[in-house]
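Here's the structure we're looking at; comments come further down.
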Amino acid sequence: MAKIHVNTTINGAPTEFLCDASQTLLEVLRDQLGLTGSKEGCGSGDCGACSVTINDRLVCSCLVLAPEAEGVKIDTIEGMADGDKLHPLQKKFVEMAALQCGICTPGFLVASKALLKKNPNPTETEVRYWLAGNLCRCTGYDKIVTAVLDVAAEMRESAR
Amino acid sequence: MSEIQYVAAKSVKEAVRAMQAAKGKGRILAGGTDLLVQMKSGLQAPGVIVDVKKIAEMTTISEKKGSFTIGAATPAAVIGEHKKLKKAWPGVVEAINLIGSTQVQGRASAGGNLCNASPAADSVPALVAAGCTVSVQGPKGKRSVPVEKFNAGPGKTTLKPGEIVVSLTLPARPKNSSDAYLRLIPRTEMDIAVVGCGVSLTMKGDKCVAARVGLGAVAPTVLRVDKAEKALVGSKLDGKALDAAAAACSAACKPIDDKRGTIRYRTKIAGVLLKRATAIARDRVNGIEHKTH
Numbered sequence: 000m001a002k003i004h005v006n007t008t009i010n011g012a013p014t015e016f017l018c019d020a021s022q023t024l025l026e027v028l029r030d031q032l033g034l035t036g037s038k039e040g041c042g043s044g045d046c047g048a049c050s051v052t053i054n055d056r057l058v059c060s061c062l063v064l065a066p067e068a069e070g071v072k073i074d075t076i077e078g079m080a081d082g083d084k085l086h087p088l089q090k091k092f093v094e095m096a097a098l099q100c101g102i103c104t105p106g107f108l109v110a111s112k113a114l115l116k117k118n119p120n121p122t123e124t125e126v127r128y129w130l131a132g133n134l135c136r137c138t139g140y141d142k143i144v145t146a147v148l149d150v151a152a153e154m155r156e157s158a159r
Numbered sequence: 000m001s002e003i004q005y006v007a008a009k010s011v012k013e014a015v016r017a018m019q020a021a022k023g024k025g026r027i028l029a030g031g032t033d034l035l036v037q038m039k040s041g042l043q044a045p046g047v048i049v050d051v052k053k054i055a056e057m058t059t060i061s062e063k064k065g066s067f068t069i070g071a072a073t074p075a076a077v078i079g080e081h082k083k084l085k086k087a088w089p090g091v092v093e094a095i096n097l098i099g100s101t102q103v104q105g106r107a108s109a110g111g112n113l114c115n116a117s118p119a120a121d122s123v124p125a126l127v128a129a130g131c132t133v134s135v136q137g138p139k140g141k142r143s144v145p146v147e148k149f150n151a152g153p154g155k156t157t158l159k160p161g162e163i164v165v166s167l168t169l170p171a172r173p174k175n176s177s178d179a180y181l182r183l184i185p186r187t188e189m190d191i192a193v194v195g196c197g198v199s200l201t202m203k204g205d206k207c208v209a210a211r212v213g214l215g216a217v218a219p220t221v222l223r224v225d226k227a228e229k230a231l232v233g234s235k236l237d238g239k240a241l242d243a244a245a246a247a248c249s250a251a252c253k254p255i256d257d258k259r260g261t262i263r264y265r266t267k268i269a270g271v272l273l274k275r276a277t278a279i280a281r282d283r284v285n286g287i288e289h290k291t292h
């Protein structure tokens, strides 16, 4: 069957790819475009390891069909750092060891960035509920939540 | 995998035509948070996937003389950000915003939650309480259905071949009205309702002059409990009226026994949630805010 030709924008760069109707966006990102930062944990929208934003809206890329990418703006973990310069969230996760095996980390970072964009001053409860769809089976969540709250405070400070 | 076609419909008519042409093998893709999971597990094997998110009518919220119409594929997150809708129907919005995680909220829709036809769907009891009307379009034109009559059983809707749900309409609200939705789950987030209860009230002073009650996860479809409504209307929502309404909810239950809850437990909780949701709806009429989280 003929492949579907998709034109999209990923991390600011116009991108095109060919896909099957039933392929997920996650499959295309990882296997065709080499953007392997987004991980497949569960493949059913429960773990959040494949989190990306589409038109600035946080979603699980395992639950998006690749052809749906036509004409939208996708941002993945690969677009988070500015060259060698890490995003404040990335830096803080490293500093505070808010990760262990690292599989869930890209999803947590993408989700946390989306939170801080929407709500620069979240409470701990708001951070925990926002990140309820991101599962970590190594560290527990305390360091991750603390890191997000710290970065939120720092970003508010530097914005003043 | 068998060959699947993907169609991004640009109008409701085009979506209906694609569904009709698929001869029962078509599936609507709104948020995809149920469809894609079901495809992966082999529960669904569509021949044609009809994406409706490019259709403005199906992805926007509009207001006309106090009545809101929510496009069936509007993402839950967009619904949650609509301040006017949230003010008029806090219970409906909180129910829709309880579906899944933040990521799922970015995609999942009220129309999808309805058409997935789970008896435990969170949005549906609140929509039943709200008196929501479902706008359906098919090969023979348009029709509308009260939401409580839309589903036929677990996983089954009353849609005829080629028909799709276009939007959900909430009626204009009289003054001093509000609503609430509560569900019981064993944890605090990301779970399926053991019981869900939606209550919508209109008050005049301290007297309840109109009420609607929707009850989920206690029968093959979400129920409208008119006996509970009758117990509330005309009362001051005092203990006696609440006891009678709670008893009516428990009596309406025909639940299953499973790992989430026994028949006895679900039956009892239905009454408890009715009382609590009623209290929240009344508080909201009186300007007292309640936040789910």
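Those protein sequence lines, which keep their order, are chains Y and E.
When we follow numbering that gives the first Met the number 0, the leftmost residue of the first sequence carries the number 0, and every step to the right adds one.
When we follow numbering that gives the first Met the number 0, the leftmost residue of the second sequence carries the number 0, and every step to the right adds one.
Glycine included, each C-beta is placed from N, C-alpha and C at the ideal position.
I want to verify the contact list: residues of chain E whose CB lies under 7 angstroms from the CB of residue i, in sequence order.
{"i": "Ala158(Y)", "result": "Those do not exist, as Ala158(Y) stays about 22 angstroms from chain E at its closest Cβ, beyond 7 angstroms."}
{"i": "Arg136(Y)", "result": "The premise fails here: Arg136(Y) is roughly 15 angstroms from chain E at the closest Cβ pair, so nothing lies under 7 angstroms."}
{"i": "Ile143(Y)", "result": "Neighbours of Ile143(Y) on chain E: none; closest Cβ ~14 angstroms, over 7 angstroms."}
{"i": "Cys103(Y)", "result": "Here the premise fails: no neighbours, minimum Cβ distance about 13 angstroms."}
What separation, rounded to the nearest whole angstrom, lies between the Cα atoms of residue i and residue j?
{"i": "Arg211(E)", "j": "Val127(E)", "result": "8 angstroms"}
{"i": "Ala55(E)", "j": "Gln136(E)", "result": "15 angstroms"}
{"i": "Lys148(E)", "j": "Val133(E)", "result": "10 angstroms"}
{"i": "Pro73(Y)", "j": "Ala131(Y)", "result": "In the sequence on display, residue 73(Y) carries Ile and not Pro. Straight-line Cα distance between these residues: approximately 22 angstroms."}
{"i": "Ser117(E)", "j": "Thr220(E)", "result": "7 angstroms"}
{"i": "Cys59(Y)", "j": "Asp205(E)", "result": "46 angstroms"}
{"i": "Ala87(E)", "j": "Val198(E)", "result": "14 angstroms"}
{"i": "Ala151(E)", "j": "Val217(E)", "result": "14 angstroms"}
{"i": "Asn115(E)", "j": "Gly154(E)", "result": "6 angstroms"}
{"i": "Ala102(Y)", "j": "Pro121(Y)", "result": "It should be noted that the sequence gives Ile, not Ala, for residue 102(Y). When rounded, the distance between both Cα atoms is 25 angstroms."}
{"i": "Ala230(E)", "j": "Ala209(E)", "result": "11 angstroms"}
{"i": "Lys267(E)", "j": "Cys252(E)", "result": "9 angstroms"}
{"i": "Val224(E)", "j": "Ala96(Y)", "result": "52 angstroms"}
{"i": "Asn112(E)", "j": "Ser122(E)", "result": "7 angstroms"}
{"i": "Pro185(E)", "j": "Gly195(E)", "result": "13 angstroms"}
{"i": "Gly106(Y)", "j": "Val51(Y)", "result": "7 angstroms"}
{"i": "Val320(E)", "j": "Pro119(Y)", "result": "Here chain E has residues from 0 to 292 only, and residue 320(E) is not among them."}
{"i": "Cys49(Y)", "j": "Lys39(E)", "result": "16 angstroms"}
{"i": "Lys235(E)", "j": "Gln4(E)", "result": "57 angstroms"}
{"i": "Val47(E)", "j": "Arg29(Y)", "result": "25 angstroms"}
{"i": "Gly23(E)", "j": "Ala65(Y)", "result": "24 angstroms"}
{"i": "Leu114(Y)", "j": "Gly238(E)", "result": "42 angstroms"}
{"i": "Val329(E)", "j": "Gly42(Y)", "result": "As shown, chain E starts at 0 and ends at 292. That puts residue 329(E) outside it, with no answer to give."}
{"i": "Ile262(E)", "j": "Ala247(E)", "result": "16 angstroms"}
{"i": "His4(Y)", "j": "Ser166(E)", "result": "30 angstroms"}
{"i": "Thr168(E)", "j": "Arg259(E)", "result": "32 angstroms"}
{"i": "Ala1(Y)", "j": "Ala71(E)", "result": "30 angstroms"}
{"i": "Met0(E)", "j": "Ala20(E)", "result": "Confidence is the limiting factor: at Met0(E) the pLDDT is only 47, short of 50, which leaves the residue's position unreliable, though a coordinate-based value still follows. Approximately 21 angstroms between the Cα atoms of the pair."}
{"i": "Ala151(Y)", "j": "Lys116(Y)", "result": "10 angstroms"}
{"i": "Ala44(E)", "j": "Val147(Y)", "result": "41 angstroms"}
Is it the case that the CB of residue i approaches a heavy atom of the ligand NAD more closely than 6 angstroms?
{"i": "Ala68(Y)", "result": "Of ligands this structure carries none, so the ligand NAD is not represented either."}
Assuming residue i contacts residue j under a Cβ cut-off of 8 angstroms, what Cβ separation, rounded to an integer in Å, is found between them?
{"i": "Ser176(E)", "j": "Leu214(E)", "result": "Actually they do not touch by this definition, with Cβ atoms about 20 angstroms apart."}
{"i": "Lys105(E)", "j": "Pro74(E)", "result": "Looking at the sequence itself, residue 105(E) is Gly, so the reference to Lys does not match. The Cβ separation is near 6 angstroms, so the contact holds."}
{"i": "Ile98(E)", "j": "His81(E)", "result": "Wrong, their Cβ atoms sit about 16 angstroms apart, outside the cutoff."}
{"i": "Lys112(Y)", "j": "Leu134(Y)", "result": "About 18 angstroms separates the two Cβ atoms, so there is no contact after all."}
{"i": "Ala125(E)", "j": "Asp178(E)", "result": "7 angstroms"}
{"i": "Lys7(Y)", "j": "Val63(Y)", "result": "The amino acid occupying residue 7(Y) in the given sequence is Thr; Lys does not appear at that position. 11 angstroms between Cβ atoms; not a contact."}
{"i": "His289(E)", "j": "Arg281(E)", "result": "Wrong, their Cβ atoms sit about 11 angstroms apart, outside the cutoff."}
{"i": "Val92(E)", "j": "Lys85(E)", "result": "5 angstroms"}
{"i": "Thr104(Y)", "j": "Cys61(Y)", "result": "About 17 angstroms; that fails the 8 angstroms criterion."}
{"i": "Leu98(Y)", "j": "Thr124(Y)", "result": "22 angstroms between Cβ atoms; not a contact."}
Can you pull the chain E neighbours of residue i, defined as C-beta to C-beta under 8 angstroms?
{"i": "Gly139(Y)", "result": "Simply none; closest approach about 16 angstroms."}
{"i": "Ala110(Y)", "result": "Thr101 and Gln102"}
How would you list, in chain order, the residues of chain Y whose beta-carbon sits under 8 angstroms from the beta-carbon of residue i?
{"i": "Lys39(E)", "result": "Gly42 and Ser43"}
{"i": "Gly99(E)", "result": "Gly44 and Gly132"}
{"i": "Gln19(E)", "result": "Simply none; closest approach about 19 angstroms."}
{"i": "Val36(E)", "result": "Ser43, Gly44 and Leu62"}
Cβ of residue i less than 7 angstroms from any chain C Cβ?
{"i": "Arg106(E)", "result": "Judged by its chain identifiers, the structure shown contains no chain C, and its protein chains are Y and E."}
Which chain E residues are close to residue i, counting only those with a beta carbon under 9 angstroms from its beta carbon?
{"i": "Glu67(Y)", "result": "Tyr5, Ala7, Leu28, Gly31, Asp50 and Lys52"}
Applying a beta-carbon distance threshold of less than 9 angstroms, which residues of chain Y neighbour residue i?
{"i": "Gln43(E)", "result": "Those do not exist, as Gln43(E) stays about 11 angstroms from chain Y at its closest Cβ, beyond 9 angstroms."}
At a CB-CB cut-off below 7 angstroms, which residues of chain Y make contact with residue i?
{"i": "Ala76(E)", "result": "Arg56"}
Residues of the segment 35-51 of chain Y in Cβ contact with chain E at a cutoff of 7 angstroms, in chain order, please.
Those would be Gly42, Ser43, Gly44, Gly47 and Ser50, in chain order.
Note down, in chain order, all residues in the segment 179-201 of chain E with a beta-carbon under 9 angstroms from any beta-carbon belonging to chain Y.
Taking 9 angstroms as the Cβ-Cβ cut-off against chain Y, the residues of the segment 179-201 of chain E that qualify are Thr187, Glu188 and Met189.
Looking at chain E, which residues of the segment 7-33 of chain Y have a Cβ within less than 8 angstroms of any of its Cβ atoms?
Here the close residues are Asp19, Ala20, Ser21 and Thr23.
Ignoring anything shorter than 3 residues or poking outside the segment 148-222 of chain E, list the beta strand (DSSP E) runs there in chain order.
Fully enclosed beta strand (DSSP E) runs of 3 or longer: 150-152, 163-169, 176-183, 194-203 and 206-215.
Can you list the alpha helix (DSSP H) stretches of 4 or more residues lying completely in the segment 100-135 of chain Y, in chain order?
Secondary structure remark: continuous alpha helix (DSSP H) runs of at least 4 residues inside the segment 100-135 of chain Y, in chain order: 104-117 and 123-129.
Ignoring anything shorter than 3 residues, give me the beta strand (DSSP E) runs that lie fully in the segment 90-141 of chain E, in order along the chain.
DSSP runs (the beta strand (DSSP E)) wholly in the segment 90-141 of chain E: 132-137.
Sequence ranges, beta strand (DSSP E) only - wholly within the segment 59-86 of chain Y, length at least 3
Complete beta strand (DSSP E) runs here, min 3: 72-74.
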